[in-house]
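Participant: Numbering (this note's numbering), first residue to last: 1171 to 1394. Cβ coordinates follow ideal geometry from the N, Cα and C atoms, glycine included.
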Amino acid sequence: MRKRENDVTDKRKIILRLKTGGILAAFLSAAVVFAVMIQMEKNVLTQYEKGPIYTAVSRIPKGQLITEENYEKYFELRQLDSSCIPPFGIRSLDQINGLAAKTDIDQGVLLTQGMFDALDEVLGSMERPVIAGFKAEDLYQVVSGVLRGGDRVSIYAVKEDSVLLVWDNVYVQQVFDASGAVITGEDTSTPAQRINVYLDQKDVERFYGELAAGSLRVVKNVDG
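1. Around the C-beta of Arg1322, are 16 or more other C-beta atoms found within 10 angstroms, so that it is buried, or is it exposed?
2. Beta carbon of Asn1339, beta carbon of Asn1267: below 8 Å?
3. Can you say whether Asp1429 is buried or exposed, counting buried as having 16 or more other CB atoms within 10 angstroms of its CB?
4. Suppose only complete runs of 3+ residues qualify. What are the beta strand (DSSP E) ranges in the stretch 1285-1347, listed by chain order?
5. State the Cα-Cα distance for the pair Arg1387 and Leu1263, rounded to the nearest angstrom.
6. For Phe1304 versus Ile1365, is the C-beta distance shorter than 8 Å?
7. Does the beta-carbon distance from Tyr1368 to Ile1301 come in below 8 Å?
8. For the alpha helix (DSSP H) containing Gly1379, list its first residue and its last residue.
9. For Gln1283 and Gly1379, what's the separation of their Cα atoms in angstroms?
10. Report the three-state DSSP secondary structure of Glu1246 (helix, strand or coil).
11. Is the CB-CB distance between Pro1299 and Asp1373 below 8 Å?
12. Helix, strand or coil for Leu1281, going by three-state DSSP, please let me know.
13. Measuring CA to CA, which of Phe1377, Ser1324, Ala1270, Ile1260 is closest to Gln1344?
14. The ligand GTP heavy atoms versus the CB of Arg1261: any closer than 7 Å?
15. Look at the Cβ atom of Leu1281, then the Cβ atom of Ala1226, and state whether they are nearer than 8 Å.
16. In or out: Arg1248 buried (at least 16 other Cβ within 10 Å) or exposed?
17. Nearest CA to the CA of Val1313: which residue from Lys1329, Ser1295, Val1342, Glu1330?
18. When you compare each of Pro1256, Cys1254, Pro1257, Arg1261 to Phe1245 by their alpha carbons, which one comes out closest?
19. Looking at C-alpha atoms only, which residue of Tyr1224, Thr1237, Leu1317 is the closest neighbour of Asp1347?
20. Using 8 Å for Cβ pairs, my map puts Ser1228 next to Gln1277. What's the rounded Cβ distance?
21. Got a sec? Which residues, its chain only, sit under 6 Å from Leu1250 by beta carbon, not counting five neighbours each side?
22. With a threshold of 16 other CB atoms inside 10 Å of the CB of Val1389, please say whether the residue is buried or exposed.
23. Of the residues Leu1381, Ser1359, Gln1234, Trp1337, which one's Cα is nearest the Cα of Lys1315?
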């Protein structure tokens, strides 16, 4: 009897051990599955993390200078999936001031640094940059009035027997009509009769001297 009782007891112990081992194995499997699911969730959430990016809230005309006063007219901060944000996207206010659009930018476009000229870069090679203005008494002198802010021009001096390139890649700061009203980049028909350009102060005397002599001609750089 005793042997039979011992055999039953041993069998119960074995069964108990098997059950305990099964429970532990099931628990470990569940823990592994849970950890994998947590990691997968993290990966999915990482893919959809939000980040800031400025977009064009309205059309930005070529040459439009962005300042603290007008940036809200053209720039809008949005939160998008990080995967949608370009590597050189404009993401903070300190990237905005002093930018000028290289080309017309449509409403809704994600804005990047490459779409703009930084005014500091435009003026960086000048010892003392100034704005020089002049009137176009003869529209032939200024490409028949088609210039707009942000354009790049080359200025030539025409002599009796020669044509000399005097200033290259000059940045047009702003243009005006005959009454002095600003012509925006959106206006493609009004002739520009007064033009402001950036020059180095050391070049101003020669510029106005050549202008008074009627020898200056302007060529628009079509890729500028």
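Facilitator: Answer, in terms of the structure:
1. buried
2. no
3. Examination of residue 1429 is not possible in this model, given that the chain is present from 1171 through 1394 alone.
4. 1286-1288, 1299-1305, 1322-1328, 1333-1346
5. 39 Å
6. yes
7. yes
8. Per DSSP, the unbroken alpha helix (DSSP H) holding Gly1379 starts and ends at 1374-1382.
9. If you draw a straight line from the Cα of Gln1283 to the Cα of Gly1379, it is about 38 Å long.
10. strand
11. no
12. coil
13. For Gln1344, the closest C-alpha among the options Phe1377, Ser1324, Ala1270, Ile1260 is that of Ala1270.
14. Questions concerning the ligand GTP fall outside what the structure shown contains, since it holds no ligand whatsoever.
15. The answer is yes: Cβ separation under 8 Å.
16. Result: exposed.
17. Val1342
18. Considering only Pro1256, Cys1254, Pro1257, Arg1261, the residue with the shortest C-alpha distance to Phe1245 is Arg1261.
19. Leu1317
20. Yes, Ser1228 and Gln1277 are in contact; Cβ-Cβ is about 5 Å, under 8 Å.
21. Ile1223
22. Label assigned to Val1389: exposed.
23. In the sequence on display, residue 1315 carries Gly and not Lys. Measuring from the Cα of Gly1315, the nearest candidate turns out to be Ser1359.
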